[in-house]
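First comes the structure, then the notes that go with it.
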Amino acid sequence: RKEVEQDPGPFNVPEGATVAFNCTYSNSASQSFFWYRQDCRKEPKLLMSVYSSGNEDGRFTAQLNRASQYISLLIRDSKLSDSATYLCVVLSNNLFFGTGTRLTVIP
Amino acid sequence: DTGVSQNPRHKITKRGQNVTFRCDPISEHNRLYWYRQTLGQGPEFLTYFQNEAQLEKSRLLSDRFSAERPKGSFSTLEIQRTEQGDSAMYLCASSLVGTQYFGPGTRLLVL
Chain A
8 RKEVEQDPGP FNVPEGATVA FNCTYSNSAS QSFFWYRQDC RKEPKLLMSV
58 YSSGNEDGRF TAQLNRASQY ISLLIRDSKL SDSATYLCVV LSNNLFFGTG
108 TRLTVIP
Chain B
166 DTGVSQNPRH KITKRGQNVT FRCDPISEHN RLYWYRQTLG QGPEFLTYFQ
216 NEAQLEKSRL LSDRFSAERP KGSFSTLEIQ RTEQGDSAMY LCASSLVGTQ
266 YFGPGTRLLV L
């Protein structure tokens, strides 16, 4: 079983839509959780850390459910510039990445 | 730019040749990581240094791969006798505590 599982998508949504990505992780002892964003042929960049209490950064909301070993990312009011691959990342003994979920925001 | 830098950005080589990549981390970061990413996949951990000590190596890192960080600053990743399956993006990341910051990667194509 993979350490981190994500739906690869693609998700094609119109501008202004709300879109949610989910991911599950297998190691219950995982310590930290992140969402990274990766644009085509570019390096991953940290979007936000994910805290147990849930956290928000502008249009982005991240949630963690430790009991279900489940992480989510909600993007409200999607912009064209949100088009990218969103990587769910879990820190256990090492950093484990999901395959990423590809999002395309359509005008 | 004081971010993580990697050189070269692209490398094309023939099967069987050796290649070496360099990573310069963010200057105050003591931890340095190497990852490999193939199309449609997330980055996969290869190895990790804390200062000059190589603390962990993935089983993905075959005997043909070696990484060094001799002075605890920059690191090199060497692949000997390259194979077509080595074609990938090789990413370096550095951190102080927690968040890892990635370099732009070296894209390797083995013909």
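So the protein sequences, as listed, match chains A and B. Each number in this note's numbering comes from the position in the first sequence (counting from 1) with 7 added on. Each number in this note's numbering comes from the position in the second sequence (counting from 1) with 165 added on. Glycine included, each C-beta is placed from N, C-alpha and C at the ideal position.
{"Item": "Our contact map puts residue 200 of chain B next to residue 208 of chain B with C-beta atoms below 8 Å; I'd like the distance itself, whole angstroms only.", "Value": "4 Å"}
{"Item": "Is the separation between the beta-carbon of residue 38 of chain A and that of residue 79 of chain A shorter than 8 Å?", "Value": "no"}
{"Item": "In three-state DSSP terms, what is residue 157 of chain B?", "Value": "What is shown of chain B runs 166 to 276, which leaves residue 157 of chain B out entirely."}
{"Item": "So with CB distances below 7 Å, who are the chain A contacts of residue 330 of chain B?", "Value": "Residue 330 of chain B lies beyond the residue range present for chain B, which begins at 166 and ends at 276; the question has no answer from this structure."}
{"Item": "Determine the extent of the beta strand (DSSP E) in which residue 259 of chain B is found, giving its start and end residues.", "Value": "253–260"}
{"Item": "Taking only the alpha-carbon atoms, compute the straight-line gap between residue 187 of chain B and residue 234 of chain B and give it to the nearest angstrom.", "Value": "10 Å"}
{"Item": "Check for me: the beta strand (DSSP E) holding residue 170 of chain B runs from which residue to which?", "Value": "170–172"}
{"Item": "With a 10 Å radius around its C-beta and 16 neighbouring C-beta atoms as the bar for buried, classify residue 164 of chain B as buried or exposed.", "Value": "A question about residue 164 of chain B goes unanswered here, because the residues of chain B that appear run from 166 up to 276."}
{"Item": "Report, in whole angstroms, the separation of the C-beta atoms of residue 26 of chain A and residue 87 of chain A, which I expect to be a contact under 8 Å.", "Value": "Residue 26 of chain A to residue 87 of chain A, Cβ: 13 Å. No contact."}
{"Item": "My parser needs the beta strand (DSSP E) runs of 3 or more residues fully inside the region 197–236 of chain B; what are they?", "Value": "209–215, 218–222 and 230–233"}
{"Item": "May I ask you to report which of helix, strand or coil DSSP gives residue 116 of chain A?", "Value": "Summary: the structure shown does not reach residue 116 of chain A, with chain A confined to residues 8 through 114, and so no result is reported for it."}
{"Item": "Around the Cβ of residue 112 of chain A, are there at least 16 other Cβ atoms within 10 angstroms (buried) or fewer (exposed)?", "Value": "buried"}
{"Item": "Assuming residue 40 of chain A and residue 108 of chain A are in contact, meaning their beta carbons sit under 8 Å apart, how far apart are those beta carbons, in whole angstroms?", "Value": "Actually they do not touch by this definition, with Cβ atoms about 15 Å apart."}
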